[in-house]
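Accompanying notes for the structure given below.
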Amino acid sequence: MVPALTSLAHGVLVRRHCRKAGVSLLEIVDVRKSYGSEADPYLALGGIDLTIEEGEFLCLLGPSGCGKSTLLNILAGFEQPTSGDVSANGAPVRGSGRDRVMLFQDAGSALFPWLTVEENMRFGLRVRRVPQQEWPRVIDHYLRMVDLDQHRRKFPAQLSGGMRQRLQIARALAVEPGVLLMDEPFAALDALTRRRMHVALLDIWRQTRKTIVFVTHDIGEAVTLADRICIMSVGPGSTISRVLAVDQPRPRDLRDPAVARLFIEIEELLAPDMARSEVRERAA
Amino acid sequence: MAKADSIQGVKRAAGSGETARRPRRARTWARYRTLLSAVASLTVALGIWQFLSSFVFNPILIPPPLKVLQTAIPMIMSGEIFRDVAVSMVRILVGFALGSLVGIVTGVLLGRIRLLHDLLDPIIELLRYLSPTAMIPIAVIWFGIGEASKYFLIFWGTFFIVVINTVAGVWRTPVARQRAAECLGATQLQIFLMVVIPSAVPYIVTGMRVAMASSFMSIIPAEILAADSGIGYLLQKSAMLMQTDRIFVALATICLLGFAVDRIFRLLVDRVLARYMSLVSVA
Numbered sequence: 034m035v036p037a038l039t040s041l042a043h044g045v046l047v048r049r050h051c052r053k054a055g056v057s058l059l060e061i062v063d064v065r066k067s068y069g070s071e072a073d074p075y076l077a078l079g080g081i082d083l084t085i086e087e088g089e090f091l092c093l094l095g096p097s098g099c100g101k102s103t104l105l106n107i108l109a110g111f112e113q114p115t116s117g118d119v120s121a122n123g124a125p126v127r128g129s130g131r132d133r134v135m136l137f138q139d140a141g142s143a144l145f146p147w148l149t150v151e152e153n154m155r156f157g158l159r160v161r162r163v164p165q166q167e168w169p170r171v172i173d174h175y176l177r178m179v180d181l182d183q184h185r186r187k188f189p190a191q192l193s194g195g196m197r198q199r200l201q202i203a204r205a206l207a208v209e210p211g212v213l214l215m216d217e218p219f220a221a222l223d224a225l226t227r228r229r230m231h232v233a234l235l236d237i238w239r240q241t242r243k244t245i246v247f248v249t250h251d252i253g254e255a256v257t258l259a260d261r262i263c264i265m266s267v268g269p270g271s272t273i274s275r276v277l278a279v280d281q282p283r284p285r286d287l288r289d290p291a292v293a294r295l296f297i298e299i300e301e302l303l304a305p306d307m308a309r310s311e312v313r314e315r316a317a
Numbered sequence: 006m007a008k009a010d011s012i013q014g015v016k017r018a019a020g021s022g023e024t025a026r027r028p029r030r031a032r033t034w035a036r037y038r039t040l041l042s043a044v045a046s047l048t049v050a051l052g053i054w055q056f057l058s059s060f061v062f063n064p065i066l067i068p069p070p071l072k073v074l075q076t077a078i079p080m081i082m083s084g085e086i087f088r089d090v091a092v093s094m095v096r097i098l099v100g101f102a103l104g105s106l107v108g109i110v111t112g113v114l115l116g117r118i119r120l121l122h123d124l125l126d127p128i129i130e131l132l133r134y135l136s137p138t139a140m141i142p143i144a145v146i147w148f149g150i151g152e153a154s155k156y157f158l159i160f161w162g163t164f165f166i167v168v169i170n171t172v173a174g175v176w177r178t179p180v181a182r183q184r185a186a187e188c189l190g191a192t193q194l195q196i197f198l199m200v201v202i203p204s205a206v207p208y209i210v211t212g213m214r215v216a217m218a219s220s221f222m223s224i225i226p227a228e229i230l231a232a233d234s235g236i237g238y239l240l241q242k243s244a245m246l247m248q249t250d251r252i253f254v255a256l257a258t259i260c261l262l263g264f265a266v267d268r269i270f271r272l273l274v275d276r277v278l279a280r281y282m283s284l285v286s287v288a
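Residue numbers (this note's numbering), protein chains in the order written: chain A, 34 to 317; chain B, 6 to 288.
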């Protein structure tokens, strides 16, 4: 009873604080998530508090098993928190919302392989009943933005990994959500393609001013992309252990001393957790 | 069996992307080589058979291929064989079409509605061990010796294979794909119709191919035991008269027919469903 009261009071405080600032978009208040049976629960998330501002590029960074994907799924509405509140634009999140679109690591399974690039783009417009005369304009606009307008008749199987990921981004942008939730979207790509995707994504972000919540375990990726990096500790009972603001101008170069210093700082912060995560994986 | 075949299907789908990228000349050569080796293999096999039947075995028990051909020609000329083929084919196609249709509908529903699956799966799991052959006696009692009992038997054989493969296909629809559709704004019904069912098509088609092959296997005993027409009846009649050459004509007909129908089925699938057949999902 007592902890519930405090967390409630805390939530109210956080919310009041944010309303004053007036720009918070996603709010997570004391979110806990446990899996498994009631008798033997596994606490994945142990009290997460996070406020995400509109237009912000936020990275959730942590080793595997820290629950960052769980948190993203909760934000998307695919999973419900065991306790705590999640709200988007002030309204509590119940189920997947049309304002938040998730992007998956495996674009091959997220895309519709039986539809061409253009038909994949149409899917969201059709199910959202966007008037048909607007389709060509929207599709052209976003395919051009991700540089796929020359490939509109191809099927996903005919695209490279990077192109598939760009199509996934364009397909999400076409339904004009406020938030992109990205679950290690570039982790399966080769290093060179990944770097190109970083440039492309930052470019898209600059053009569209979407709010991006980006999950990664790659420190370099987080440091290159984010406005803010939330470092998550390894579970059970993961929490956000540190929040770092990154105010270096973009494009960022990991060889730039200020950026490199941040990289090393995060690496040292993560070192004990990385070791723990490895031990856990070996035990499992 | 269904499982092994579906894995092969995956491999084929994954491999086809590579062949498309190979230069045209290499592709033509590859096609030629397969054809050539098939012709060579059959020629050698027939040659050995001809030799063994002529000099080693009793040609009455194992008639040589040339004798079989000799017997086949008048059967073809008189149209006798085509009548039996037509009768058997109609039985197979009607039973197969009904079994596939009901199997697909049942399969997608079972794959999507957990409660329905939990209720019906135990029944399916038990009944699927009753091969069509095992059902022949009761089918004759229920439906008589005419066409209805054959339709029923082929339906019986097809239904279970198609249901099981369809459920597997529905279940294997990537979660990411369904969630992506949900994010894009699709309702549960739209996800079911526009995402899950198309994703299951390769599995459904694999199930139908296996079921088609099994239909060819089950029509024969049905016609041997309880029919007055069809290829199975031709086998039965020839056996009564010890006409081994005619038996072999009937057996060869089954081989060729099964092969041809599977080829036509695949061609149709390539024509109509090609875009759904790609199982490539990993980057």
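C-beta: ideal position from N, C-alpha, C; glycine also.
Query                                                                                                             : Result
Partners in chain B for MET178/A, counting only beta-carbon separations shorter than 7 Å                          : Correct list: empty, because the minimum Cβ distance to chain B is about 17 Å.
Closest Cα partner of THR211/B within the set ASP233/B, PHE270/B, PRO127/B, PRO226/B                              : PHE270/B
Bridge-paired residues (DSSP) for MET135/A                                                                        : LEU214/A
Chain-ordered neighbours of SER283/B on chain A, where CB pairs are closer than 9 Å                               : PRO146, TRP147, PHE188, PRO189, ALA190
Three-pair Cβ contact test at 8 Å for the region 149 to 164 of chain A versus the region 185 to 192 of chain A    : yes
VAL276/A, DSSP secondary structure in three states                                                                : strand
Alpha carbon of GLU89/A to alpha carbon of LEU83/A, nearest angstrom                                              : 13 Å
Through-space distance from ILE273/A to ARG139/A, alpha-carbon basis                                              : According to the sequence displayed, residue 139/A carries Asp and not Arg. When rounded, the distance between both Cα atoms is 26 Å.
Three-pair Cβ contact test at 8 Å for the region 139 to 157 of chain B versus the region 227 to 243 of chain B    : yes
GLY268/A at chain B interface by Cβ criterion, 9 Å                                                                : no
Beta carbon proximity, THR192/B to chain A, threshold 9 Å                                                         : yes
Burial state of HIS174/A (16 or more Cβ within 10 Å)                                                              : exposed
Cβ separation of ILE209/B and ASP89/B, assumed to be a contact under 8 Å, to the nearest whole Å                  : Contact doesn't hold; Cβ gap of about 31 Å is too wide.
Cβ neighbours of MET215/A in the same chain (closer than 6 Å, five flanking residues each side left out)          : LEU136, PHE247
Which residues DSSP lists as bridging LEU230/B, in chain order                                                    : Partner(s): none; LEU230/B has no beta bridge.
Where VAL150/A meets chain B, residues with beta-carbon distance less than 7 Å                                    : By Cβ distance, chain B contributes nothing, its closest Cβ being about 13 Å from VAL150/A, past 7 Å.
Neighbour-count burial assignment, PHE156/A, 16 or more Cβ in a 10 Å radius                                       : buried
Of the listed residues LEU144/A, LEU108/A, GLY123/A, nearest to ARG199/A (C-alpha basis)                          : LEU144/A
Boundaries (first-last residue) of the beta strand (DSSP E) holding GLU86/A                                       : 75 to 86
Beta-carbon gap between CYS92/A and ALA259/A smaller than 9 Å                                                     : yes
Min CB distance GLN201/A to chain B below 9 Å                                                                     : yes
Residue interval of the beta strand (DSSP E) (run including LEU93/A)                                              : 90 to 94
Own chain partners of GLN183/B with C-beta closer than 8 Å, once the 5 adjacent residues on each side are dropped : ILE196, VAL200, VAL201
3 or more residues per run - each beta strand (DSSP E) lying fully within the region 142 to 207 of chain B        : none
Backbone CA spacing between MET222/B and PRO189/A [nearest angstrom]                                              : 39 Å
CB contact check: ASP139/A to chain B, cutoff 9 Å                                                                 : yes
Residue of ASP286/A, GLU86/A, SER97/A, ALA203/A minimising C-alpha distance to HIS250/A                           : SER97/A
Helix, strand or coil at LYS66/A [DSSP, three-state]                                                              : strand
Extent of the continuous beta strand (DSSP E) to which PHE247/A belongs                                           : 244 to 249
Residue-level contact to chain A via CB, VAL206/B, 9 Å cutoff                                                     : yes
Contact belief for VAL172/B with GLY116/B at Cβ below 8 Å, rounded distance in angstroms                          : 4 Å
Exposed unless 16 or more other CB atoms sit within 10 angstroms - verdict on SER11/B                             : Only weak support exists for where SER11/B lies, its pLDDT of 40 falling under 50; the coordinates are left without a value.
Exposed unless 16 or more other CB atoms sit within 10 angstroms - verdict on GLY128/A                            : exposed
Coarse secondary structure for MET282/B, derived from DSSP in three states                                        : coil
Contact set between PHE156/A and chain B, taken where Cβ atoms lie within less than 8 Å                           : ALA186, LEU189, ALA191, MET199
Buried versus exposed, by CB contacts within 10 Å (16 or more), PRO69/B                                           : buried
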